[in-house]
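Residue numbers (the working numbering), protein chains in the order written: chain S, 4 to 506; chain P, 1319 to 1646; chain C, 288 to 475. Glycine included, C-beta positions come from ideal geometry on N, C-alpha and C. Quick caveat, the model's predicted, so the values are computed rather than measured.
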């Protein structure tokens, strides 16, 4: 019941005029970046993050989390109206959403998308509310070996479960880890890989890298394609909304299944994008008429959207409680928290109760306010797409530059951003995945510090990673995930060998 | 020599300046913090920001910019490259002596313009309140008897915390394993979780866990006890913590908290800030802050400050050399 | 009738059409194959691994009594990166699919450069003119020269955008941005 009291307290912190205003501003900005081609959640949050540096942490996180919700909502708008997924996890929404818009049912599709987003996030928020206190109670058990084991688990799950070429994932991750090593080494106080440059002394800020890798490179990629758009403007009337909501109970199985998939994959690091596809595929598989999917079936909007948003929200739980981000946007939020001196990780729940519950309360409020806001402003946002790309592109470049510069007030970072823009463009085209790279940039130096602190503590004995049940099971799980493809293959081979033997 | 002449000129400017002619900032003033968010320097910067704003000490707003990358070296380089810019003030601490020695950072505090020393920070030896040893002697005996060396946590590598650890080892013969963390806050929570046996945090960094009954102060590394006698926990005040010397551990270290402008600013500009920080040090916000963080009040400027800095520099250099932390 | 009542929007929908007069032609010749770019990137990564690896080797890569030295991890990461990029070169050369795949066509490259070159110029201009003037020039110039939008529209949009940025960052949030002679002339 403690959770409930703390949550109520969180609401009282938030229910002030200023906070509600910030919430609206955040949502509008979020929807804006969600709708803009080539921006989307992670990039939008990365660019807007420095805006919040001058605020107090509570206002800042309220605004940021609202930008996050806004971006999640906004992604659906372009997917449905123009068949352009704003984010990777909106791709599955286009399968049935765009056909619906073509049939003139855009309003219905949008309502379905927003409503299911709301349901998905709400399920995940409930999960966070009731699981977070449990996680914080074993918070203090985390010393350096435990931290390292958790980071190891995250890295291993990327290598083991990723679908890209293994060597490309490894290149991406190794490069990211190497770049975080630049600058001063915390453990020995020595400088590394700076080659005498005072600019490199600072190290490579991951936000600068992310703005380049995603923002700038996306513009370069967008330019390659034909920019002609053809879509349907839509307004939403109360009548459509009500008629969609009336049908909602019919799809309860789909909604629950998708929420469950979303929560589960969101907590698993890196699983957020997979969730929407999995939600869609399962809905199609269990449907009585699977052939009608892809031709404008409302269930085909409900399923992926619910899953995508449940996972997007659930991804915040491992970020807050364990310091591991479950999605790209969560990774950027993680960086933001560290800027405010809030070290995400098990101790956040002990040390900054106010902040954590304020954030959770803002998830509830942000969702409700967001739903109302998107339903009423769809036509305005859709019209952004009528603005020619030639006007939007330079504005995105300028926003990226402002974002990159504001982080450390360094002109060097502008050049770094440009360089990462080119790197991101080339990497995307030769399919080197960027997610492990970003992850390594965020967690790399912390993982190394934790490892070396463990080594100093244990006198160089690797056994420390199996020294108790907690750290031992995490480390073992990490190794299992790393070698999963091999294990999987071995298991099926053993299975094949046994079967004929029995026959 | 040039430097002394400058200081003399500053002194003269303080005496001669009349309010009408005095220089004043025309842009927002940036307080540069050489540490991460929430650390002692950051809190001090926010206190100054609040004190200046509430008491209307300056027309322009104050912006706090955190430049804690590379253990604060980022801030030093930033200040060094801002020659002649009177809108940036650095909150300096012992890193201005230590970083150039341990990491060969191309920086010398003499390149900046000293404004004022505004406080001295204490160091306290802490252990986990759940442990059986209640005073320094018991703690050191336990450390000597332990089969694996005790773990000491601290901020950064080859800095004040580790120097203190090395000197504790030298004076007592006990062995410690030093674990460097990114911040004092991290060292504090690791102490609570029993992942380290002790730390030498500043009072402000362990204040909360002391009040929560999770950490126990053993002794303070100063010649005299902390002067604040108001109760901090149910039973103890800062004054109740014995000095390490009283407890038979003769190690002392105090850390300066001082303000610097970039190099090549005019004497009028320095004079403005000397005056500003003098006023800040008289505000209730400042006094309240000093007591809460158990800082030692001090206000040095002009020649006194330069003399203090030279002596302090020499002392830190000898400590670093003796501890073996000077990079070749 | 029922259908219309259910979906009243269908009759009021307005179609949005955004034409792109400068779109790249589909039949433009290829500049480079994905395979050759893959090989070049792998070689560059390998070179980077060697340079960084050497620096870390100098820092110290052994394992002393307090665990690994500062260069230990980065050094082995360089080894991993180097090995993976060598494998990458090998895999790319063997991959026939990539050889026929186009990395970029001439028309696409021209379009990409149309964004990249102005961005580069913008970054250079920022050093001398400050962020706001540079962003005005970028927005106006890009809209006019690349987007072929009327001069007055381009200038007006650029001005409004730059002013909005200035008010948001400089005035409302006190975020310090690089400034040039123009802002100095106005006393900022």
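N- and C-terminal bounds of the beta strand (DSSP E) containing residue i
| i | result |
| --- | --- |
| residue 1444 (chain P) | 1442–1446 |
| residue 1439 (chain P) | 1431–1439 |
| residue 1407 (chain P) | 1406–1410 |
| residue 432 (chain C) | Premise fails: residue 432 (chain C) is in no beta strand (DSSP E) and is neither H nor E. |
| residue 1383 (chain P) | 1380–1384 |
| residue 1472 (chain P) | 1468–1473 |
| residue 1537 (chain P) | 1533–1538 |
| residue 1578 (chain P) | 1573–1579 |
| residue 1349 (chain P) | 1347–1351 |
Chain-ordered neighbours of residue i on chain P, where CB pairs are closer than 7 Å
| i | result |
| --- | --- |
| residue 187 (chain S) | 1388, 1389, 1391 and 1421 |
| residue 451 (chain S) | Per Cβ cutoff of 7 Å: no residues; residue 451 (chain S) is ~12 Å from chain P at best. |
| residue 206 (chain S) | 1387 and 1388 |
Contact list for residue i against chain P, beta-carbon separation under 9 Å
| i | result |
| --- | --- |
| residue 412 (chain S) | 1348, 1383, 1385 and 1396 |
Within chain C, partners of residue i - CB distance below 7 Å
| i | result |
| --- | --- |
| residue 83 (chain S) | The contacting residues do not exist; residue 83 (chain S) stays about 13 Å from chain C at best. |
| residue 193 (chain S) | 346 and 357 |
| residue 455 (chain S) | 354 and 355 |
Supposed close pair residue i, residue j - CB separation, criterion 8 Å
| i | j | result |
| --- | --- | --- |
| residue 423 (chain S) | residue 212 (chain S) | 5 Å |
| residue 352 (chain S) | residue 135 (chain S) | 6 Å |
| residue 1553 (chain P) | residue 1538 (chain P) | At roughly 17 Å, the Cβ-Cβ gap does not stay under 8 Å, so residue 1553 (chain P) and residue 1538 (chain P) are not in contact. |
| residue 428 (chain S) | residue 465 (chain C) | That pair is no contact at about 25 Å. |
| residue 1430 (chain P) | residue 1618 (chain P) | At roughly 15 Å, the Cβ-Cβ gap does not stay under 8 Å, so residue 1430 (chain P) and residue 1618 (chain P) are not in contact. |
| residue 1592 (chain P) | residue 1495 (chain P) | Their Cβ separation, rounded to whole angstroms, is 44 Å, which puts residue 1592 (chain P) and residue 1495 (chain P) out of contact at 8 Å. |
Residue i: contacting residues in chain S (beta-carbon distance under 7 Å)
| i | result |
| --- | --- |
| residue 1508 (chain P) | 146 |
| residue 1345 (chain P) | Here the premise fails: no neighbours, minimum Cβ distance about 14 Å. |
| residue 1581 (chain P) | Result: empty, since nearest Cβ-Cβ is about 16 Å, beyond 7 Å. |
| residue 433 (chain C) | 393 |
Chain-order list of residues whose beta-carbon lies under 7 Å from that of residue i (same chain, five-residue window excluded)
| i | result |
| --- | --- |
| residue 341 (chain C) | none |
| residue 1479 (chain P) | 1472, 1473 and 1518 |
| residue 231 (chain S) | Residue placement at residue 231 (chain S) is poorly supported in this model, since its pLDDT is 46, which falls under 50; the coordinates still yield a value, given next. Same-chain partners within the cutoff: there are none. |
| residue 116 (chain S) | 79, 83, 96, 100, 304 and 308 |
| residue 1601 (chain P) | 1369 and 1373 |
Residue i: contacting residues in chain S (beta-carbon distance under 9 Å)
| i | result |
| --- | --- |
| residue 1495 (chain P) | 459, 460 and 462 |
| residue 1469 (chain P) | 459 and 460 |
| residue 1642 (chain P) | Neighbours of residue 1642 (chain P) on chain S: none; closest Cβ ~13 Å, over 9 Å. |
Other residues of its chain near residue i: CB distance less than 6 Å, five sequence neighbours each side excluded
| i | result |
| --- | --- |
| residue 1523 (chain P) | 1502 and 1506 |
| residue 1631 (chain P) | 1415 |
| residue 155 (chain S) | 481 |
| residue 314 (chain S) | 265, 268, 269, 275 and 278 |
| residue 103 (chain S) | 112 and 299 |
| residue 505 (chain S) | Reliability fails at residue 505 (chain S), whose pLDDT of 49 lies under 50, so the model's placement of it is uncertain and no value is given. |
| residue 183 (chain S) | 444, 447 and 448 |
| residue 409 (chain C) | 421 and 425 |
| residue 244 (chain S) | 114 |
| residue 442 (chain C) | 427 |
| residue 386 (chain C) | 320 and 322 |
Contact list for residue i against chain P, beta-carbon separation under 8 Å
| i | result |
| --- | --- |
| residue 190 (chain S) | 1475 and 1498 |
Residue i - containing alpha helix (DSSP H), residue span
| i | result |
| --- | --- |
| residue 1635 (chain P) | 1620–1641 |
| residue 449 (chain S) | 438–461 |
| residue 317 (chain S) | 302–317 |
| residue 398 (chain C) | 393–416 |
| residue 256 (chain S) | 255–270 |
| residue 1395 (chain P) | 1391–1398 |
| residue 97 (chain S) | 94–105 |
Under 9 Å by beta carbon: chain C residues contacting residue i
| i | result |
| --- | --- |
| residue 199 (chain S) | Per Cβ cutoff of 9 Å: no residues; residue 199 (chain S) is ~11 Å from chain C at best. |
Contact set between residue i and chain S, taken where Cβ atoms lie within less than 8 Å
| i | result |
| --- | --- |
| residue 325 (chain C) | 433 |
| residue 342 (chain C) | 195, 196 and 198 |
Own chain, CB closer than 8 Å to residue i, minus 5 neighbours either side, in chain order
| i | result |
| --- | --- |
| residue 1512 (chain P) | 1446 and 1448 |
Listed by chain order, chain C residues near residue i by CB distance under 8 Å
| i | result |
| --- | --- |
| residue 227 (chain S) | 311, 391, 395, 398 and 399 |
Checklist entry - Which runs of the beta strand (DSSP E), 3 residues or longer, sit entirely within the stretch 301–387 of chain C? => result 302–305 and 317–320
Next on the checklist: As an exercise, report each continuous alpha helix (DSSP H) stretch of at least 4 residues that is fully enclosed by the stretch 188–232 of chain S, in chain order.
Outcome noted: 201–204, 209–213 and 220–227
Checklist entry - Which ranges does the alpha helix (DSSP H) cover as unbroken runs of at least 4 residues, wholly within the stretch 1489–1568 of chain P, from first to last along the chain? => result 1502–1510 and 1521–1529
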